[in-house]
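Mapping to our numbering: the sequence shown position 40 is 719, numbers consecutive.
Backbone N, C-alpha and C define an ideal beta-carbon position, used for all residues, glycine too.
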Amino acid sequence: MMKHSAENFRIKGFDGGDAVDLISLLTEEWDVLTPTALGGVINKDNADAIKAKYIIEAANHPTDPEADEILAKKGVPILPDILANSGGVMVSYFEWVQNIQGFMWDEEKVNRELKTYMTHTSNIFLII
680 MMKHSAENFR IKGFDGGDAV DLISLLTEEW DVLTPTALGG VINKDNADAI KAKYIIEAAN
740 HPTDPEADEI LAKKGVPILP DILANSGGVM VSYFEWVQNI QGFMWDEEKV NRELKTYMTH
800 TSNIFLII
């Protein structure tokens with residue numbers, strides 16, 4: 680697959696797998712559906728067909744407001760993008776802080792700070 684991708688600049692057409700269209704992928708029976716690339720892929724036109732038990736938004740804004748309402752009525756919990764992909768954003772912020780202040784944190788310090796912020800943010804989400 681890596682060779683095919685390097686030669687063709689895409690995975691489509693690789694003999695070792697089958698192409699799956701986006702709608703089929705979204706509407707399979709998943710325990711957890713994790714949209715990771717594009718915004719707006721879960722929308723009012725396909726939300727009712729989604730069978731996942733949980734959704735973790737790893738992409739930025741993959742679920743539009745109408746779909747969010749439909750999924751809420753179906754009882755599908757959604758971990759929003761602002762929490763699900765915020766760890767990388769927080770660590771980028773930590774790097775910025777270190778750069779402007781001339782600090783150099785070790786991995787343990789970064790992980791400790793990340794855990795503090797993520798725990799606080801997750802607790803807020805649990806309250807909501």
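With C-beta atoms as the reference, is residue i less than 8 Å away from residue j?
i, j, result
"PRO714", "PRO741", "yes"
"ILE729", "LEU705", "yes"
"VAL776", "LEU793", "no"
"ASP700", "LYS723", "no"
What separation, rounded to the nearest whole angstrom, lies between the Cα atoms of residue i and residue j?
i, j, result
"THR800", "SER703", "33 Å"
"ALA716", "ASN764", "12 Å"
"ALA726", "GLY766", "27 Å"
"THR798", "ILE721", "27 Å"
"LYS691", "SER684", "8 Å"
"GLU707", "ALA698", "14 Å"
"GLY718", "TYR772", "23 Å"
"ASP785", "THR795", "16 Å"
"LEU758", "VAL768", "16 Å"
"ASN778", "LYS788", "15 Å"
Could one say the Cβ of residue i lies closer than 8 Å to chain D's Cβ atoms, at least one of them?
i, result
"GLU748", "Protein chains in the displayed structure number just one, and chain D is not present."
Length at least 3, wholly inside the region 697–764: the beta strand (DSSP E) runs in chain order: 733–735
Three or more C-beta pairs below 8 Å linking the region 726–736 and the region 698–712: yes
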